[in-house]
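So that you can map any letter, position 182 of the sequence shown is 202 in the numbering used here, and since no number is skipped, the others follow by simple counting. Structure record follows, encoded as structure tokens.
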Amino acid sequence: MQQAYRASLLWFADPAQGPASARYEEDGLLVVGPNAQGQQVVQAIGSWRALSSQYGQVPVEHLPGRIIAPGFVDMHVHFPQTHVIGSPASGLLPWLENYTFPEEQRFADAHYAAESATFFVDELLRNGVTTALAFATSHSTSVDALFAQAQARQMRLITGLCLMDRHAPAALLNQPGVGTSAAEQSLVESEALIQRWHGQGRLGYAITPRFAPTSTDAQLRGAGALAARYPDVWIQSHVAENKDEIAWARTLFPQSTSYLATYADFGLLRERAVYAHCIHFDDADRALMRESGAVAAISPTSNLFLGSGFFDYAGADRVGFGYGLASDVGGGTSFSPFHTMLAAYYVGREGQTKTGLSLTPQQLWWQHTAGAAQALGLGGVVGNLLPGCEADFVVLNPRATPLLARKTALAGSLEELLFSLIVLGDDRVVERTVVGQAV
21 MQQAYRASLL WFADPAQGPA SARYEEDGLL VVGPNAQGQQ VVQAIGSWRA
71 LSSQYGQVPV EHLPGRIIAP GFVDMHVHFP QTHVIGSPAS GLLPWLENYT
121 FPEEQRFADA HYAAESATFF VDELLRNGVT TALAFATSHS TSVDALFAQA
171 QARQMRLITG LCLMDRHAPA ALLNQPGVGT SAAEQSLVES EALIQRWHGQ
221 GRLGYAITPR FAPTSTDAQL RGAGALAARY PDVWIQSHVA ENKDEIAWAR
271 TLFPQSTSYL ATYADFGLLR ERAVYAHCIH FDDADRALMR ESGAVAAISP
321 TSNLFLGSGF FDYAGADRVG FGYGLASDVG GGTSFSPFHT MLAAYYVGRE
371 GQTKTGLSLT PQQLWWQHTA GAAQALGLGG VVGNLLPGCE ADFVVLNPRA
421 TPLLARKTAL AGSLEELLFS LIVLGDDRVV ERTVVGQAV
């Protein structure tokens, strides 16, 4: 059955033009309905004046004063770290040892994993995130719990078993099987999870080495072989987040020309490979990202919170590789895409050159919607409201708080409106999240 929504509309009219194609229709009509496979997709978008007569028989929900925009895409978030948000630490490695690893051990318990997955998915959707690439733990129970909860909500979600067979607490290491090493067994479990979940509805699997230092050569080599057997699955990991981490990786993998090159050496750099952070890169690393088709998940609130550094937007654009925004909860400090976009603006202003880089509101919004989808290999599927895109969207209230109402009322351009939302917005702006059906 078709359904139409009358409201202000925000979308990207020409993905090839990127953020420059941001389109805003003050009085618009969005029409959604099932495609041949029964999936709810966008069927039409444009002005009310142009489309209303054509779709006059379709039920219309009128949302005056509201903005319908694409659902947000979070390129890197840690499902088992919800309770870790706001934990004090002097840097990345102490934070992992003192807070993250102890919390992740609890996900061996299926009940705890299931309850946590319910809250996690609730929180994503409450904040307008309709697609996420998420880390689970090294326990298959955590992967099953998260996939099951996403499937129940019809949410597009990608996750996978965390691969760690060294340099972590014993309770978090992948365990050996009967006649198999820990590395071998972790890959057997990963393949079983691929076959059980990948491509089921809107779910996707990601081969997930936590980061190179917590995997042996054998595990990384096996992960690369698994990726070669399943070219349509994703790969996710971390790289070049922290200088101490880089130094550690270089001692463990001295044969590689850089920390990033370690992943390439094991067959883990390709399209659909997403690497979180990518802060401390040189041009050789940037070229390797470009040539392999791998992309970066920029995690600005996490990088600011942990003091890791600033993503170099200018360097990425100069050499040319893909990227998008991510919350990185729990190193990241909020599930809210508005907080993430604002932090990315700070990173651009403070972390680039002496003069700073001023990211436009359209650029920031693109990085968390259509641009992030494009980086994930899901361009034209999610993150936008063009005909054929899956019908994931958010209903935003630009008057959600008294200050925001005063500020948005003064907006004289799309740029001013979006920037007001980015600077002053939070979860209160998201009035409704729709993933095929209202949730």
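Cβ atoms here follow ideal geometry from the backbone N, Cα and C, with glycine treated the same way.
query                                                                                                         : result
contact_flag[the region 341-352, the region 93-104] where n(CB pairs < 8 Å) is 3 or more                      : yes
Selected residue, minimal CA-CA separation from A156, among H258, T179, V141, N55                             : T179
Element boundaries [beta strand (DSSP E), containing S73]                                                     : That residue, S73, is in no beta strand (DSSP E); it is neither H nor E in DSSP.
Given Q63 as reference, the closest of F167, E410, G342 once Cα atoms are compared                            : E410
Beta-carbon spacing of A168, E204 below 9 Å                                                                   : no
Whole-angstrom distance between G408 and V459, CA atom to CA atom                                             : Low confidence applies here, because V459 scores a pLDDT of 43, under 50, leaving its location unreliable; read the following figure in that light. Between V459 and G408, the C-alpha separation is close to 21 Å.
Residue of A269, A395, A89, G342 minimising C-alpha distance to L416                                          : A89
Status (buried if at least 16 other CB within 10 Å, exposed otherwise) for N194                               : buried
Continuous alpha helix (DSSP H) stretch holding L112: start and end                                           : 112-115
Boundaries of the alpha helix (DSSP H) in which P233 is found, first to last residue                          : Careful: P233 lies outside any alpha helix (DSSP H) and carries neither H nor E.
Cβ shell of R310 (< 8 Å), same chain only, five flanking positions each side left out                         : V339, G340, F341
N55 burial status per 10 Å Cβ neighbour count (16 or more: buried)                                            : exposed
contact_flag[the region 436-445, the region 110-118] where n(CB pairs < 8 Å) is 3 or more                     : no
R290 - DSSP class collapsed to helix/strand/coil                                                              : coil
Nearest neighbour of L377, chosen from V367, A27, Y279 [CA to CA]                                             : V367
Ranges of the beta strand (DSSP E) found wholly within the region 211-270, counting only runs of at least 3   : 223-229, 254-259
R26 beta carbon less than 9 Å from that of G53                                                                : no
Of the residues Q77, G91, H258, R241, the one placed nearest D412, counting alpha carbons only                : G91
Segment contact, 8 Å Cβ cut-off, at least three pairs: the region 214-231 with the region 252-261             : yes
Per-residue burial, M21 [other beta carbons within 10 Å of its own, 16 or more giving buried]                 : exposed
Rounded distance between the beta-carbons of M95 and L345, thought under 8 Å                                  : 7 Å
Residue(s) in a DSSP beta bridge with W31                                                                     : R43
For L183, the residue or residues it bridges with in DSSP                                                     : P229
Residue nearest to E124 in terms of C-alpha spacing, selected from V149, A24, V51, A191                       : A191
Other residues of its chain near L145: CB distance less than 8 Å, five sequence neighbours each side excluded : R173, M175, T453, V455, V459
Contacting residues, own chain, Cβ-Cβ under 7 Å from E209 (five flanking each side not counted)               : S160, L181
For L405, the three-state DSSP class (helix, strand or coil)                                                  : coil
Top-ranked residue by Cα proximity to L289, from A245, G76, Y75                                               : A245
Coil, strand or helix - G335 by DSSP                                                                          : helix
Buried or exposed by the 16-neighbour rule on C-beta atoms within 10 Å, applied to T200                       : exposed
Per-residue burial, Q57 [other beta carbons within 10 Å of its own, 16 or more giving buried]                 : exposed
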